[in-house]
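In what follows, a single structure is set out as structure tokens and then discussed.
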Amino acid sequence: MEEELGSWFALSGNYKLSDKISVSSLILAWDYEIADNFNFILYNVGLNYKISPKVTTTLAYGYADIDSGFEKSGPHTYENRLTEQISYKHELFKLPVDHRFRVEQRFLDQPSTNVLNNRLRYRLGTKIRLNETFFLRLHNEFFVTVQTKKNEGFSENRLFTGLGINVSKSTNIQVGYLNRQIRKLDLHRILLGLYYKIDFSKNKIK
Numbered sequence: 007m008e009e010e011l012g013s014w015f016a017l018s019g020n021y022k023l024s025d026k027i028s029v030s031s032l033i034l035a036w037d038y039e040i041a042d043n044f045n046f047i048l049y050n051v052g053l054n055y056k057i058s059p060k061v062t063t064t065l066a067y068g069y070a071d072i073d074s075g076f077e078k079s080g081p082h083t084y085e086n087r088l089t090e091q092i093s094y095k096h097e098l099f100k101l102p103v104d105h106r107f108r109v110e111q112r113f114l115d116q117p118s119t120n121v122l123n124n125r126l127r128y129r130l131g132t133k134i135r136l137n138e139t140f141f142l143r144l145h146n147e148f149f150v151t152v153q154t155k156k157n158e159g160f161s162e163n164r165l166f167t168g169l170g171i172n173v174s175k176s177t178n179i180q181v182g183y184l185n186r187q188i189r190k191l192d193l194h195r196i197l198l199g200l201y202y203k204i205d206f207s208k209n210k211i212k
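Residue numbers for the sequence shown follow the working numbering, so the first one is 7 and each next one is one higher.
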């Protein structure tokens with residue numbers, strides 16, 4: 007599993023309802039191999055409130071199906087996830103910087119037992135504009151498990167670097183490499199994502 011190059015697919019939307027309030031959606035699918043050998047799928051919806059141009063808070067709910075089998079389907083874990091999040095963005099030496107602080111309560115329905123897994127996440131990222139069409143996206147996120155049946159402490163790290171393509175003012179595609187380090191595994195993934203925004207507050211696409 008560790009030697010295989012896998013894939014992640016993301017479909018992320020943001021629907022602006024007013025100057026302060028928006029709704030976000032996310033479908034995230036992982037495969038152990040390129041577009042093959044199912045590993046994980048997450049459906050997520052969130053309610054966002056913009057405190058200021060730099061600070062946004064989010065409350066979200068997600069449902070996930072996790073397959074622990076590699077070469078063939080194994081026992082599945084089903085997850086209900088609650089998320090509280092705050093995002094902050096600013097400039098540092100004219101470089102845009104974004105921070106995402108997230109707390110998750112993960113209710114895991116495993117084959118033999120049910121587990122409540124509380125997790126802290128922090129992501130630091132930037133978006134470097136190359137021209138009107140292309141940009142670079144870089145971010146690193148680390149995870150701390152603060153309470154399970156066994157306290158794990160630092161549990162995961164995800165490093166992403168990719169190329170973004172602005173399809174329009176409201177839509178972009180990102181493709182790149184994601185390195186996931188978890189439980190002593192060093193996993194390599196190709197990420198392909200479609201990200202879009204729709205402004206319902208003015209009844210038109212931004």
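Here a beta-carbon is modelled for each residue, glycine too, at the ideal position from N, C-alpha and C.
Everything numeric in this text was worked out from a predicted model, so none of it was measured.
Under the three-state reduction of DSSP, Lys95 is assigned to strand. Taking Thr167 as the centre and dropping the five residues before and after it, the same chain places the C-beta of Leu144, Gly182, Tyr183 closer than 7 Å to its C-beta, in chain order. DSSP places Pro59 in no beta strand (DSSP E); its state is neither H nor E. If the five residues before and after Gly68 are omitted, its C-beta is found closer than 6 Å to the C-beta atoms of Leu48, Asn50, Arg87, all from its own chain and listed in chain order. Residue Val29 holds the alpha-carbon nearest to the alpha-carbon of Lys203 among Gly12, Ala16, Val29. If you draw a straight line from the Cα of Gly12 to the Cα of Arg164, it is about 14 Å long.
By the neighbour-count criterion, in which 16 or more other beta carbons inside 10 Å mark a residue as buried, Phe107 falls on the exposed side. About 7 Å separates the Cβ atoms of Ile40 and Ile196, confirming a contact at the 8 Å cut-off. If you ignore the 5 residues before and after Thr177, its C-beta comes within less than 8 Å of the C-beta of Leu200, Tyr201, Tyr202, Lys203, all in its own chain and listed in chain order. Rounded to the nearest angstrom, the gap between the Cα atoms of Asn124 and Gln111 is 5 Å. Note on Ile57: under 16 other CB atoms within 10 angstroms of its CB, so exposed under the neighbour-count rule.
In the displayed model, Arg189 falls within coil according to three-state DSSP, outside both helix and strand. Nearest to Val61 by C-alpha distance, out of Gln180, Ile92, Gly75, is Ile92. Bounds of the beta strand (DSSP E) holding Val103 are 101-115.
Each of Arg186, Asn120, Leu101 was checked against the Cα of Glu9, and the nearest Cα belongs to Arg186. Residue environment analysis places Ile72 among the buried positions, since at least 16 neighbouring C-beta atoms fall within 10 angstroms of its C-beta. In this structure, the straight-line span from the alpha carbon of Thr151 to that of Leu17 is close to 26 Å.
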